[in-house]
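Asker: Residue numbers (UniProt numbering), protein chains in the order written: chain U, 1 to 455; chain Z, 1 to 455. Dropping the structure in here first, questions after.
2 protein chains.
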Amino acid sequence: MGLLIETPLPHGGRLVERVVTDPEVGKKMAKMAKAVYDIKPTLHYETGVPVRNVYREIMSICYGFFSPVEGSMKQAELERVLKERRLLSEWIFPYPMLFDISEEDYKELGVEVGDRVLLRLKGKPFAVIDVEEIYRINPEEVATRTFGTPEDNPEVVREPFDKKHPGWVIYRSMNPVILAGKYTIINEPKLMPPFDRFWYPPRKSREEYAKRGWRTVINHQTRNVPHVGHEMLMKSAGFTGDIEPCHGIQVNAIIGVKRRGDYPDEAIVEGHEMVHLGGYIKPERHLVTICLWDMRYGNPIESMLHGIIRQNMGCTHHMFGRDHAAVGEYYDMYATQILWGKGIPSFGIPKPLNEVPYGLQIRAQNMAEFWYCPHCNEIAYSGCCNHAKEKQKFSGSFVRGMVAEGVFPPKVIFRPEVYKVIVKWWKKFGYPFCNEKYVKEKEERLEVELPDMEV
Amino acid sequence: MGLLIETPLPHGGRLVERVVTDPEVGKKMAKMAKAVYDIKPTLHYETGVPVRNVYREIMSICYGFFSPVEGSMKQAELERVLKERRLLSEWIFPYPMLFDISEEDYKELGVEVGDRVLLRLKGKPFAVIDVEEIYRINPEEVATRTFGTPEDNPEVVREPFDKKHPGWVIYRSMNPVILAGKYTIINEPKLMPPFDRFWYPPRKSREEYAKRGWRTVINHQTRNVPHVGHEMLMKSAGFTGDIEPCHGIQVNAIIGVKRRGDYPDEAIVEGHEMVHLGGYIKPERHLVTICLWDMRYGNPIESMLHGIIRQNMGCTHHMFGRDHAAVGEYYDMYATQILWGKGIPSFGIPKPLNEVPYGLQIRAQNMAEFWYCPHCNEIAYSGCCNHAKEKQKFSGSFVRGMVAEGVFPPKVIFRPEVYKVIVKWWKKFGYPFCNEKYVKEKEERLEVELPDMEV
């Protein structure tokens, strides 16, 4: 009966690595392409605002964050994912991964099964897709089946998904023609500051843990600049482990298209970094990392992807709070904890995610709420503090309201060092929170630069 | 791969229960005794101050806290415990359990192997011992072999044990004649207030956990009135669990002979109770319990007993800090964590305690230090806080000094409600900390009353 928890295997057994690092080899591979396609952001099917950029999926797939997925899914695999949340290889996987193009682009490309397409990003060679199948989808049907319905998934779906849900909109906005096949990055992008120093693809993160002597690592999913409540969640969940608290506390920020009112990605990563620069968590126990992905806000569905990403990175544990990766009230607020604690049969998961065949190895730590309690004189855990009348909840909108008013928030809500990061990027962008301008400029700027490559 | 941790089996496979609850049966059993012996406290071999009362061991054995031990050990078992920390039945057990009498008492009793001795406590029938073997010990040798030596146990013993160590003194002060055999309580004692409401012998504690729906329970060992640092240790270690934090946080106070300067037992149990009465840990998540035992302060050796006690009570986890159950610098300050983390071969434990055959099932959670950090503005964990220059350690002697001066301590050190418990018993006894008077009176008063029983 060994109690020590070891680094989990990559999901599917081995890390996917589809990045050609030798430019000469990349050039050769690019030259074999039958056609060239310029990657464009997916635009909202009604408003035309960017909602997704497939380049982020290609990056996450080729660097192994989404192992064992290697490319855009074939129709049979898409069907299985939607029905049972499994790949054809049996391994659990939650979301469709699709390379979608318009009928016009399809005609113009003139590609067939067996052809290679060179994908350009910001006008430069970036990756290739080797087309194994071409088929059509009904985007609205894919959108609805991805997230579930109250009728089909009564355990956790409370309201039908619609255009107020940003994840549903992403699938609904897709083009109808799918090129299925494996991706290979043939011209390695360079992450731009400040993202470059948080770029730890699975191979590198695993090496980093080993270098630091971390056997157990708990991941914190974020899309926020951390207030003190988030910090306490991280520190507290960090006491999970095996015979001692987790050696490492990792933050993995999902970087991608923002919603209006979100903090800018730059402030999110530097805000988390400030938690260790400010000494609130020891730098040697804290690692801030990123993953490129346009959040789908799929609560339990999204939590599977988060588990897969962090297991691939080498984490042993993943903290999940209430309303994990949620927006609105489409899902039960504990849907993610239900999935990891007992399973959701209607989504094809009849047992906890760690106990189904071909399931996950990373372990969930399901956490309740934190609030400020003046009687306890601390950020208190709802599983401990019994001063319900005195508690002061961390309301996201209250905190945002304070920031928007330019009020320097009390130390009990924001660490001053962290708040200064918000102000730094506020000055840079001219606004504290994301707006349409940020989203549009971000989708032109992206998070990467590409080296020149003559093909 | 099931991740949910279930209530452990009792150590040795089943709970020892050797308490006759029907007074008529008890009376019959008492009448079969060949002789009568009045239990007396063991007195310090030099000073004559009480250092132990065997009645506490008899209680803990017969109510199953020390399962699978059923009585005073035979010579071969004593030898095996000293050498390999195992019973003859193979199960791990750390300490000699002995019923020792003087040569004079032995002569006067006139008992032989096969006889039953009626043991009286406070002048009333209490228990019987059925003598299976009579032998002699060299108390000093038993004392030294119990705790180890720097030569024999170089992994963790730093200084030779001597009369400054209260546990060594307990064994050194024992009488030379050992009556070995099983104990049976034939007249059930009644715990006196305030101890009665904290009396949860293993059968009852297991029932209580089930009633509360606790699957996972972490134990906190105490011999202190809890300051805020202790409270934070309990709350923080409570985040350990399996897929969610431990359902229950149990305090198990070791009640017995005190050292000068200790808090009185009454203040200790009511101080811990105040943690939930004051709402700092929810009452439904917190249980304060006691075990009768004169602490031996054997650090790693004592931690085995603590693990056994709490496993028998049904706990799944046990938190261990630095210098667990330690006094002086006889042991390495991490000796207990070494024992549970990798084993101490020279004590017969070549692997972690959970991994040796016939070992323990309860899991250790090895914790580092807590201190007050003005920068973090909280009781910070040394595994997180990086403000080494600003930290303010919880020094036991500093806190005691403040209490002794009658200074109402700052809220950041003592919860006011908890501090008032200290004051309550201070007024009652006339002193805030144990002194010789308390120890002597306590050994007359004990923690129990016995019903009348005519034999």
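Positions of the beta carbon are idealized from the N, C-alpha and C atoms, including for glycine.
#1: Decide yes or no for the touch test of the region 229 to 246 of chain U against the region 192 to 212 of chain U: beta carbon pairs closer than 8 Å, at least 3 of them.
#2: So who's on the other strand from residue 72 (chain U), going by DSSP bridges?
#3: For residue 340 (chain U), return the contacting residues in chain Z, with the cut-off set at a CB-CB distance below 7 Å.
#4: Check each candidate in U:266, U:449, U:454 and name the one with the smallest Cα separation from residue 188 (chain U).
#5: Counting pairs of beta carbons, one from the region 183 to 198 of chain Z and one from the region 334 to 348 of chain Z, are three or more of them closer than 8 Å?
#6: Within 10 angstroms of the Cβ of residue 389 (chain Z), are there 16 or more other Cβ atoms? Answer buried if so, exposed if not.
#7: Is residue 87 (chain Z) buried or exposed, if buried means 16 or more other CB atoms sit within 10 Å of its CB?
#8: Can you give the Cα-Cα distance for residue 175 (chain Z) and residue 98 (chain Z), rounded to whole angstroms?
#9: Quick one: what's got a C-beta closer than 8 Å to residue 146 (chain U)'s C-beta in the same chain, skipping five residues either side?
#10: With burial defined as no fewer than 16 other Cβ atoms inside 10 Å of the residue's Cβ, what is the status of residue 430 (chain U): buried or exposed?
#11: For residue 319 (chain Z) versus residue 326 (chain Z), is the C-beta spacing smaller than 9 Å?
#12: Could you give the distance in angstroms between the alpha-carbon of residue 1 (chain U) and the alpha-carbon of residue 377 (chain Z)?
#13: What does DSSP give as the partner residues of residue 37 (chain Z) in its beta bridges?
#14: Does residue 366 (chain U) come out as helix, strand or coil in the three-state DSSP assignment?
#15: Closest Cβ-Cβ distance between residue 448 (chain Z) and chain U: below 9 Å?
#16: Against chain Z, does residue 385 (chain U) count as a neighbour if the rule is that its beta carbon must be under 9 Å from one of theirs?
#17: Cβ closer than 9 Å: which chain Z residues qualify as neighbours of residue 283 (chain U)?
#18: Mapping the DSSP letters down to three states, classify residue 310 (chain Z) as helix, strand or coil.
#19: Establish whether the CB of residue 2 (chain U) and some CB of chain Z are separated by less than 9 Å.
#20: When every heavy atom of the ligand HEM is checked, does at least one fall within less than 8 Å of the C-beta of residue 32 (chain U)?
#21: Measuring straight from C-alpha to C-alpha, what distance separates residue 304 (chain U) and residue 232 (chain U)?
#22: Per DSSP, what kind of secondary structure is residue 341 (chain U) in: helix, strand or coil?
#23: Could you name the residues of chain U that residue 414 (chain Z) contacts, counting a contact when the two beta carbons are closer than 9 Å?
#24: With a CB to CB cut of under 6 Å and the five nearest residues on each side skipped, what residues in its chain are close to residue 143 (chain U)?
#25: Name the chain U residues whose beta carbon is nearer than 9 Å to that of residue 237 (chain Z)?
#26: Nearest by alpha-carbon distance to residue 141 (chain Z): which of Z:79, Z:134, Z:73, Z:156 is it?
#27: Counting only Cβ-Cβ distances shorter than 9 Å, please list the residues of the region 353 to 366 of chain Z near chain U, keeping chain order.
#28: To the nearest angstrom, report how far apart residue 281 (chain Z) and residue 202 (chain Z) are at their CA atoms.
#29: Have a look at U:433, U:39, U:47, U:49 and flag the residue whose alpha-carbon is nearest the alpha-carbon of residue 263 (chain U).
#30: Closest to residue 125 (chain U) by C-alpha separation, out of U:37, U:392, U:240, U:85, would be which residue?
#31: Tell me the DSSP secondary structure of residue 438 (chain Z) in three-state form.
#32: Residue 274 (chain Z) and residue 417 (chain Z) look like a contact to me (Cβ under 8 Å); what is the Cβ gap, rounded to whole Å?
#33: For residue 449 (chain Z), list the residues DSSP reports as bridge partners.
#34: Could you give the distance in angstroms between the alpha-carbon of residue 210 (chain Z) and the alpha-carbon of residue 123 (chain Z)?
#35: Are residue 313 (chain U) and residue 219 (chain U) closer than 9 Å when you measure CB to CB?
#36: Looking at C-alpha atoms only, which residue of U:44, U:322, U:386, U:229 is the closest neighbour of residue 412 (chain U)?
Answerer: Walking through what the data contain:
#1: The region 229 to 246 of chain U, when compared against the region 192 to 212 of chain U, does not touch it at the 8 Å Cβ threshold.
#2: According to DSSP, which records beta bridges pairwise, residue 72 (chain U) is partnered with U:181.
#3: Ordered by position in chain Z, the residues that pass the 7 Å Cβ test against residue 340 (chain U) are 243.
#4: Among U:266, U:449, U:454, the Cα nearest to that of residue 188 (chain U) belongs to U:449.
#5: Under the Cβ criterion (8 Å, minimum of three pairs), the region 183 to 198 of chain Z does not count as touching the region 334 to 348 of chain Z.
#6: By the beta-carbon neighbour count (other beta carbons within 10 angstroms, threshold 16), residue 389 (chain Z) is exposed.
#7: Residue 87 (chain Z) sits buried, since 16 or more C-beta atoms from the chains shown fall within 10 Å of its C-beta.
#8: Cα-Cα distance, rounded: 10 Å.
#9: Excluding residues within five positions, the ones whose Cβ falls inside 8 Å are 82, 95, 96, 167, 168, 171, 296, 298, 301.
#10: It is exposed - the Cβ of residue 430 (chain U) has fewer than 16 other Cβ atoms within 10 Å.
#11: No, Cβ-Cβ distance for residue 319 (chain Z) and residue 326 (chain Z) is not below 9 Å.
#12: For residue 1 (chain U), the pLDDT reaches just 46, beneath the cut-off of 50, and the residue's location in the model is therefore unreliable, leaving the point undetermined.
#13: For residue 37 (chain Z), the beta-bridge partners assigned by DSSP are Z:119.
#14: For residue 366 (chain U), the three-state secondary structure derived from DSSP is strand.
#15: Not closer than 9 Å to any Cβ of chain U, the Cβ of residue 448 (chain Z) fails to qualify, so no.
#16: At least one chain Z Cβ lies under 9 Å of residue 385 (chain U).
#17: Residue 283 (chain U) reaches chain Z at 386, counting residues in chain order whose Cβ is nearer than 9 Å.
#18: In this structure, residue 310 (chain Z) counts as helix in the three-state DSSP scheme.
#19: Yes, contact with chain Z.
#20: Annotation note on the ligand HEM: not contained in the displayed structure, which lists no ligands.
#21: The C-alpha of residue 304 (chain U) lies about 24 Å from the C-alpha of residue 232 (chain U).
#22: Residue 341 (chain U): helix per DSSP, three-state reduction.
#23: Those do not exist, as residue 414 (chain Z) stays about 12 Å from chain U at its closest Cβ, beyond 9 Å.
#24: Excluding residues within five positions, the ones whose Cβ falls inside 6 Å are 168, 171, 172.
#25: Under the 9 Å cutoff, chain U gives 239, 245.
#26: If we check each option's Cα against that of residue 141 (chain Z), Z:79 comes out closest.
#27: Those residues of the region 353 to 366 of chain Z that come within reach of chain U (Cβ to Cβ, closer than 9 Å) are 354, 355, 359, 361, 363, 364, 365, 366.
#28: Cα to Cα, the separation comes out at about 23 Å.
#29: Answer by Cα proximity: U:433.
#30: Taking only the C-alpha atoms, the option nearest residue 125 (chain U) is U:37.
#31: Residue 438 (chain Z): helix per DSSP, three-state reduction.
#32: Beta-carbon to beta-carbon, residue 274 (chain Z) and residue 417 (chain Z) are separated by about 5 Å, close enough to satisfy the 8 Å threshold.
#33: Per DSSP, Z:190.
#34: Straight across, the Cα-Cα distance linking residue 210 (chain Z) with residue 123 (chain Z) is about 38 Å.
#35: Yes, these two residues count as a Cβ contact at 9 Å.
#36: Measuring C-alpha to C-alpha distances from residue 412 (chain U) to each of U:44, U:322, U:386, U:229 identifies U:229 as the nearest.
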